[in-house]
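Numbering (this note's numbering), first residue to last: 8 to 120. In this text, a Cβ means the ideal position worked out from N, Cα and C, and glycines have one as well. Every value quoted in this text rests on a predicted model; they were computed, and no experiment measured them. Since the structure comes first, as structure tokens, the remarks are kept for the end.
Shown next, in the form of structure tokens:
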């Protein structure tokens, strides 16, 4: 006689499915919290460097133009302030990117739950 399908689950298939699910859960497991602290510190240093480099580049351009044109403090002050503004804009853009990334990862975490 031919075997008829039953309503009982196949234990071998269930075991294989459980193994696949366990492997997937291990792969999708969140990273340790210690890495998160370093990422925040890296982003903070990146923002500081962006601000200081904007100031330095503005100062350098202003000083160079002052030496060439003989308008000693004025262009240096103007370009230093422009460098400050540029540094703040880049820093705010970096902060917005961080917030977007955090919101996206938060939404992904909610979907898993």
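Coil, strand or helix - residue i by DSSP
i           : result
residue 143 : The chain is shown from 8 up to 120; residue 143 falls before or after that span and cannot be answered.
residue 37  : coil
residue 16  : coil
residue 114 : helix
residue 24  : helix
residue 78  : coil
residue 106 : helix
residue 8   : Note that residue 8 scores 47 on pLDDT, short of 50, meaning its location in the model is unreliable and no value can be drawn from it.
Proximity below 9 Å, CB of residue i to CB of residue j
i          : j           : result
residue 50 : residue 105 : yes
residue 69 : residue 85  : yes
residue 93 : residue 61  : yes
residue 83 : residue 72  : yes
residue 54 : residue 102 : yes
residue 91 : residue 65  : yes
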